[in-house]
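In my numbering, the protein residues as written are 15 to 377.
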């Protein structure tokens, strides 16, 4: 039997080419994911620094100033300290639930970033149900908190987990109804389509002006979902020591710390996308990118401008939850539930009814 070496070499080169294509395909899949994760991490570090500086200004004191210029590396120093601390596990608790809980909370919030457009079609996954994907994924985080509280075998931790679950259920429904109203106005549930629908009429096309009631309900509900003051009952220090975080230390405690700021950032980004026009910075009927000739400068420059505008709106909006932390007292549990079920839920239902009626009349 005669073996044709030329054919064998051709087959080998073809198989190598296919292997290289698979490797390059995997790399191209990982590049945007890694870029997004790095960007989110840097964004969280900036939020921590901003909160400390703004809090120091409100309290008329000096904020962090020694770790790097203007104390900007203070959050990095705190994270390094938590990494080096001992990771303690309660001997009488449920080890599996105790260990899995923080990971579920962080991963569920990280997945929410996959549907956020940072620029013109600059989104990891442009899903047709993008906004409802965020609501579905964000509702998983309280399950992780409840698992952490139960797995700690501590009464304060368990109470904190129960509070987190009750608070999430109470405010998830008004939040979803506000998102449904936006979806009806835009005739789409895609985050990219919602931003483009707002850009048709410039500044006055923002959903902030078309849905002022929904914006207020969405703002309050998102603060409650982030467990920020005055809605921080799951970890109220005066009542529950530290809530579901009581038994945690080291990197697991750091994951909860990261999750709270990740949730705050993703909520602010969705406020920007749903109500503030996303990457479009426009004054009445004049689009700023066109005004300065940005569209003529290439797609890369236009994309960078879009990212900058999105992040600028997001960080400007972040001043509200940071300021309310030092100005409003904490609600009682009955007040928190009454606000969600007796006020925000009927208001969001009425807003949805008005939106539906206006859309039907415009047909």
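Using N, Cα and C, we set each Cβ at its ideal position, and we do this for glycine too.
Computed from a prediction, not measured in an experiment: that's the story for all the values here.
Where does residue i sit, in a helix, a strand or coil, going by DSSP?
i, result
"residue 102", "coil"
"residue 299", "Note on residue 299: pLDDT 46, under 50, position unreliable in the model; the coordinate value appears next. In the structure shown, residue 299 sits in coil (DSSP, three-state: anything other than H, G, I, E or B)."
"residue 192", "helix"
"residue 310", "Caution applies to residue 310, whose pLDDT of 48 falls short of 50 and renders its modelled position unreliable; the model cannot decide the point."
"residue 209", "helix"
"residue 81", "coil"
"residue 220", "coil"
"residue 225", "coil"
"residue 13", "Within the shown structure, residues of the chain are numbered from 15 to 377, placing residue 13 beyond reach of any answer."
"residue 255", "coil"
"residue 15", "Note that residue 15 scores 47 on pLDDT, short of 50, meaning its location in the model is unreliable and no value can be drawn from it."
"residue 200", "helix"
"residue 336", "helix"
"residue 177", "helix"
"residue 168", "coil"
"residue 137", "coil"
"residue 328", "helix"
Could you give the distance in angstroms between the alpha-carbon of residue i and the alpha-carbon of residue j?
i, j, result
"residue 359", "residue 71", "36 Å"
"residue 200", "residue 194", "10 Å"
"residue 204", "residue 256", "38 Å"
"residue 245", "residue 117", "23 Å"
"residue 288", "residue 104", "43 Å"
"residue 206", "residue 75", "42 Å"
"residue 7", "residue 323", "Given that the chain is displayed from residue 15 to residue 377, the structure contains no residue 7 and the question cannot be resolved."
"residue 236", "residue 136", "24 Å"
"residue 96", "residue 88", "13 Å"
"residue 363", "residue 231", "11 Å"
"residue 146", "residue 190", "8 Å"
"residue 47", "residue 276", "16 Å"
"residue 254", "residue 376", "52 Å"
"residue 250", "residue 242", "11 Å"
"residue 65", "residue 54", "16 Å"
"residue 98", "residue 262", "14 Å"
"residue 144", "residue 50", "17 Å"
"residue 122", "residue 216", "34 Å"
"residue 139", "residue 129", "5 Å"
"residue 352", "residue 156", "20 Å"
"residue 342", "residue 68", "16 Å"
"residue 119", "residue 266", "11 Å"
"residue 350", "residue 183", "12 Å"
"residue 124", "residue 340", "27 Å"
"residue 333", "residue 283", "13 Å"
Would you mind sorting residue i into buried or exposed? The rule is 16 or more other CB atoms within 10 Å of its CB.
i, result
"residue 260", "buried"
"residue 294", "buried"
"residue 158", "buried"
"residue 286", "buried"
"residue 62", "buried"
"residue 188", "buried"
"residue 45", "exposed"
"residue 372", "exposed"
"residue 101", "exposed"
"residue 173", "buried"
"residue 56", "exposed"
"residue 369", "buried"
"residue 91", "exposed"
"residue 131", "buried"
"residue 346", "exposed"
"residue 299", "Because the pLDDT at residue 299 is just 46, under 50, the model does not fix this residue reliably, and the point stays unresolved."
Could you pull the start and end residues of the alpha helix (DSSP H) that residue i belongs to?
i, result
"residue 74", "Where residue 74 is concerned, there is no enclosing alpha helix (DSSP H), given that its DSSP letter is neither H nor E."
"residue 341", "That residue, residue 341, is in no alpha helix (DSSP H); it is neither H nor E in DSSP."
"residue 155", "155–165"
"residue 109", "109–126"
"residue 271", "264–289"
"residue 143", "Looking at the DSSP string, residue 143 is not in any alpha helix (DSSP H), and its letter there is neither H nor E."
"residue 361", "359–375"
"residue 350", "347–352"
Mind reading off the beta-carbon distance from residue i to residue j? Whole number of angstroms is fine, and I expect it under 8 Å.
i, j, result
"residue 161", "residue 107", "11 Å between Cβ atoms; not a contact."
"residue 281", "residue 239", "7 Å"
"residue 58", "residue 272", "6 Å"
"residue 344", "residue 247", "7 Å"
"residue 290", "residue 327", "5 Å"
"residue 212", "residue 320", "Their Cβ separation, rounded to whole angstroms, is 14 Å, which puts residue 212 and residue 320 out of contact at 8 Å."
"residue 111", "residue 170", "Rounded, the Cβ-Cβ distance is 16 Å, inconsistent with contact."
Verify the CB distance criterion: does residue i have a CB-CB separation below 8 Å to chain D?
i, result
"residue 261", "Absent from the structure is chain D; it holds one protein chain and no more."
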